[in-house]
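**Student:**
Number of protein chains: 2
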Amino acid sequence: MNSNGESTAQTRETGTLGKLMVLLDLVTHADAPLRFTDILALAGQPRGTLHRQLTHLVEEGLLELDGDGRYAPGLRLLDFAARSWARNEFRLIAEPHLRDLQQATGETVHLGVLRGQSIIYLDKVEGRQPVRMYSQIGNASPCYCTGVGKAALSLLPAESLVDLLAGLSFTSFTASTHVSAKTLLAEIREIADQGYAFDREEHEAGIRCVAAPIWSEDRTFMGGISITGPAYRLSMELLHQWSVPVQLAAASIMEGMRVRLGPRR
Amino acid sequence: MNSNGESTAQTRETGTLGKLMVLLDLVTHADAPLRFTDILALAGQPRGTLHRQLTHLVEEGLLELDGDGRYAPGLRLLDFAARSWARNEFRLIAEPHLRDLQQATGETVHLGVLRGQSIIYLDKVEGRQPVRMYSQIGNASPCYCTGVGKAALSLLPAESLVDLLAGLSFTSFTASTHVSAKTLLAEIREIADQGYAFDREEHEAGIRCVAAPIWSEDRTFMGGISITGPAYRLSMELLHQWSVPVQLAAASIMEGMRVRLGPRR
DNA sequence: TCTGTTGTTCCATTACTTGGAACTTAATTT
DNA sequence: AAATTAAGTTCCAAGTAATGGAACAACAGA
Numbered sequence: 001m002n003s004n005g006e007s008t009a010q011t012r013e014t015g016t017l018g019k020l021m022v023l024l025d026l027v028t029h030a031d032a033p034l035r036f037t038d039i040l041a042l043a044g045q046p047r048g049t050l051h052r053q054l055t056h057l058v059e060e061g062l063l064e065l066d067g068d069g070r071y072a073p074g075l076r077l078l079d080f081a082a083r084s085w086a087r088n089e090f091r092l093i094a095e096p097h098l099r100d101l102q103q104a105t106g107e108t109v110h111l112g113v114l115r116g117q118s119i120i121y122l123d124k125v126e127g128r129q130p131v132r133m134y135s136q137i138g139n140a141s142p143c144y145c146t147g148v149g150k151a152a153l154s155l156l157p158a159e160s161l162v163d164l165l166a167g168l169s170f171t172s173f174t175a176s177t178h179v180s181a182k183t184l185l186a187e188i189r190e191i192a193d194q195g196y197a198f199d200r201e202e203h204e205a206g207i208r209c210v211a212a213p214i215w216s217e218d219r220t221f222m223g224g225i226s227i228t229g230p231a232y233r234l235s236m237e238l239l240h241q242w243s244v245p246v247q248l249a250a251a252s253i254m255e256g257m258r259v260r261l262g263p264r265r
Numbered sequence: 001m002n003s004n005g006e007s008t009a010q011t012r013e014t015g016t017l018g019k020l021m022v023l024l025d026l027v028t029h030a031d032a033p034l035r036f037t038d039i040l041a042l043a044g045q046p047r048g049t050l051h052r053q054l055t056h057l058v059e060e061g062l063l064e065l066d067g068d069g070r071y072a073p074g075l076r077l078l079d080f081a082a083r084s085w086a087r088n089e090f091r092l093i094a095e096p097h098l099r100d101l102q103q104a105t106g107e108t109v110h111l112g113v114l115r116g117q118s119i120i121y122l123d124k125v126e127g128r129q130p131v132r133m134y135s136q137i138g139n140a141s142p143c144y145c146t147g148v149g150k151a152a153l154s155l156l157p158a159e160s161l162v163d164l165l166a167g168l169s170f171t172s173f174t175a176s177t178h179v180s181a182k183t184l185l186a187e188i189r190e191i192a193d194q195g196y197a198f199d200r201e202e203h204e205a206g207i208r209c210v211a212a213p214i215w216s217e218d219r220t221f222m223g224g225i226s227i228t229g230p231a232y233r234l235s236m237e238l239l240h241q242w243s244v245p246v247q248l249a250a251a252s253i254m255e256g257m258r259v260r261l262g263p264r265r
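From first to last, the protein sequence lines stand for chains A and B. Here UniProt numbering is used: the first residue of the first sequence is 1, the next is one more, and so on. Here UniProt numbering is used: the first residue of the second sequence is 1, the next is one more, and so on.
1. To be precise: take each residue of the region 110-125 of chain B, compare its Cβ to all Cβ atoms of chain A, and keep it if any distance is under 9 Å. Which residues remain?
2. Got a sec? Which residues, its chain only, sit under 8 Å from B:L185 by beta carbon, not counting five neighbours each side?
3. In chain A, which residues lie less than 8 Å from B:P245 when you measure between Cβ atoms?
4. Check the DSSP bridge columns for B:E64 and list the partner residues they point to.
5. Using a beta-carbon distance below 8 Å, is A:I137 in contact with chain B?
6. Is the Cβ-Cβ distance between B:R83 and A:T28 less than 8 Å?
7. Does the Cβ-Cβ distance between A:V246 and A:Y196 come in under 8 Å?
8. Does the contact criterion of 3 or more C-beta pairs under 8 Å hold for the region 148-157 of chain B versus the region 102-114 of chain B?
9. Which of helix, strand or coil does DSSP assign to A:S172?
10. Looking at the C-beta of B:G67, does it have a partner C-beta in chain A at a distance below 8 Å?
11. Mind listing the chain A neighbours of B:E60? Cutoff is C-beta to C-beta under 8 Å, in chain order.
12. Does DSSP put residue 266 of chain B in a helix, in a strand, or in coil?
13. Below 8 Å on the Cβ atoms is my guess for B:L122 versus B:W215; work out the distance and round it to an integer in Å.
14. Using the beta-carbon of each residue, which ones in chain B are nearer than 9 Å to A:D38?
15. Roughly how many angstroms lie between the CA atoms of A:E107 and A:H97, to the nearest whole one?
16. For B:V210, does the count of other Cβ atoms within 10 angstroms reach 16, so buried, or fall short, so exposed?
17. Out of curiosity, what's the CA-to-CA distance linking B:G15 and B:F221?
18. Pull out every residue of the region 203-237 of chain B whose Cβ sits closer than 7 Å to any Cβ of chain A, in chain order.
19. Quick check on B:H203: buried or exposed, where buried means 16 or more other Cβ atoms within 10 Å of its Cβ?
20. Run the CB neighbour count on B:Q102, radius 10 Å, all protein chains shown included, and call it buried at 16 or more, exposed below.
21. Please list the residues of the region 158-174 of chain A that have a C-beta atom closer than 8 Å to any C-beta atom in chain B, keeping them in chain order.
22. Taking just the CA atoms, how far does A:V109 sit from B:L92?
23. Identify whether B:H178 lies in helix, strand or coil by the three-state DSSP scheme.
24. A:T49 lies in the alpha helix (DSSP H); which residues open and close that run?
25. Relative to the ligand NAP, is the shortest distance from any of its heavy atoms to the C-beta of A:Y232 smaller than 7 Å?
26. What would DSSP say about B:P230, mapped onto helix, strand or coil?
27. Quick check: the Cα distance between A:R219 and A:I188, rounded to an integer number of angstroms?
28. Pull up the CB-CB distance for A:E60 and B:L168, whole angstroms please, since I reckon it's below 8 Å.
29. Since A:A43 and A:L26 should fall inside the 8 Å C-beta cutoff, what is the C-beta to C-beta distance between them, to a whole number of angstroms?
30. Just confirm the distance between the C-beta atoms of A:S176 and A:E201, as a whole number of angstroms; I'd bet it's less than 8 Å.
31. Can you name the residues of chain A whose CB is closer than 8 Å to the CB of B:S176?
32. I want to verify the contact list: residues of chain B whose CB lies under 9 Å from the CB of A:D100, in sequence order.
33. Hey, quick one: how far does the beta strand (DSSP E) through A:S156 stretch, first residue to last?
34. Taking A:A212 as the reference, give the member of A:A192, A:G74 and A:L62 with the closest Cα.
35. Measuring only between beta-carbons, confirm whether B:T49 sits less than 8 Å from chain A.
36. Using the beta-carbon of each residue, which ones in chain B are nearer than 9 Å to A:P73?
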């Protein structure tokens, strides 16, 4: 299987686990708790099989079954995630630099990492209001219309990049969203040259950002950091200016990673 | 080794999934990323078997394998958890009331739910500083030394309570921590009578709280909310006073649950 | 280079998952 | 209230995937 394809309904070679994960995906991605029959239709499996699988997931706390026979994501997932997040090395290293960048600009700062075709946000430092956790952290966003995403894509070797772009299906979130691999590829090459990326209201109308890529030497980690804010406050001119501190912060984080994780990587 | 519940090597009736979850638990509960051999020793399984299991978990993104052959929790867990949290019905219903309570007291407010022998924190509303997400949310804490935990235990029918207490292993976090089922049981009966619970620096020195239980009519959900703060600011007298607003907020949340989830439950 | 350690692959045996069908329970209609 | 349909659960023979011992490969230290 290819390195970071991770394409959609692709049957993975993970046996029983893979089938169960598909179910977890179904339930967690649904907009509302699903009944047994709903899942039956979506999963397309025999009733007996599905019933046993769901029972196992519930027994393990990965799903929860309420009194009305509806399945919802289980709380055990929270516990796993809390540990996963609290000890994430990249996040721990990046955190102080994110804070500095937030202080310097007054705007919201994100740390994200490329996983397959998505950016998963690892951290977020806001200014005034208390963070609504999970509001962004942990969420998976498309790579082709976010600053961090495009910055991360600029790190891929040409071949992997073309493969990944070929597998994308573009959703037009705003009028500015890239809708073809062609224009996206052109921009990513430009980003690779200049070392930073913009999001020109491509994911959400009225929201702009400037982002810089971050990577570990062994390319295990490919992601980025960004400064995000409302378009009325963040002119493109200002964003161009901020491309400098973003890149400096990214460099500091990478230096921290090199020191902490050993020079080899 | 094991944190608080989840007693050792308990074989669940969940077939292949159960075995994989044991591995996930091992890795996520460890203090640092584990090498293959570390897991081999902890899991006590044949090398070949373990290797394939870990490979499957990595392929599914539940674990991550870094360049040095160390296994860490995977980022996919974050994505699952983000969805799980964002749509949790109890949290959504409780949130505005938690905010009100925070405003009224100025101290930190928690929402927690009993899962097995642990309290899992579903939400947290702080005053001044931005919330460090996951710092508390999602974390599992012992039920016998937290305000929310003892409040939740007071909801259990006598028999279940005795069973649960019998299975506890007490860790003495501070000088005030309950260390026997006997004294704990006595306090829980008192809590059941009066309708609110205190944490008198039992989990963390210098931290007190007052908590009130919350339950759904079908007892699917048993948990509570609490006001927490430093002992120097929260005298026991003040906590006694605050037992009233905490109980009122709890009542409001339960009313909300009744309306939203239907009268049956 | 040798040697012990760590990590990976292979394959016959075993055990679990599979899925059809029968069954029970709940909801809807007459 | 009885009949009818839908929804959810249990059962078991057959097939498939997991198991685990052993052999193999990669690596580190002496």
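Built from N, CA and C at the ideal position, the CB exists for glycine as well.
**Tutor:** Taking the definition as stated:
1. Those residues of the region 110-125 of chain B that come within reach of chain A (Cβ to Cβ, closer than 9 Å) are V113, R115, G116, S118, I120, Y121, L122, D123, K124 and V125.
2. L161, V162 and L165
3. Within 8 Å Cβ-Cβ: nothing; B:P245 doesn't reach chain A, min ~20 Å.
4. B:A72
5. Yes - at least one Cβ of chain B is within 8 Å of the one on A:I137.
6. Less than 8 Å divides the Cβ of B:R83 from the Cβ of A:T28.
7. yes
8. Look at the beta carbons and you see the region 148-157 of chain B touching the region 102-114 of chain B: at least three pairs across the two are nearer than 8 Å.
9. coil
10. yes
11. R12, T14, L17, G18 and M21
12. The structure shown does not extend to residue 266 of chain B, since chain B is modelled only from 1 to 265, so the question has no answer here.
13. Contact doesn't hold; Cβ gap of about 14 Å is too wide.
14. What A:D38 touches in chain B: nothing, since even the nearest Cβ is about 15 Å away.
15. 14 Å
16. buried
17. 27 Å
18. D218 and T220
19. buried
20. buried
21. none
22. Straight-line Cα distance between these residues: approximately 26 Å.
23. Taken through DSSP and simplified to helix, strand or coil, B:H178 comes out as coil.
24. R47 to E59
25. No copy of the ligand NAP occurs in the structure displayed, which carries no ligand at all.
26. strand
27. 17 Å
28. With 8 Å as the limit, A:E60 and B:L168 do not qualify as a contact, their Cβ atoms being about 22 Å apart.
29. 6 Å
30. Indeed they touch by this definition, with Cβ atoms about 5 Å apart.
31. Contacts between B:S176 and chain A, judged by CB atoms closer than 8 Å, are missing: the closest CB pair is about 26 Å apart.
32. Those do not exist, as A:D100 stays about 15 Å from chain B at its closest Cβ, beyond 9 Å.
33. Note on residue identity: the sequence assigns Leu, not Ser, to residue 156 of chain A. That residue, A:L156, is in no beta strand (DSSP E); it is neither H nor E in DSSP.
34. Ranking A:A192, A:G74 and A:L62 by Cα distance to A:A212 puts A:A192 first.
35. no
36. F80, A81, R83, S84, W85, R87 and N88
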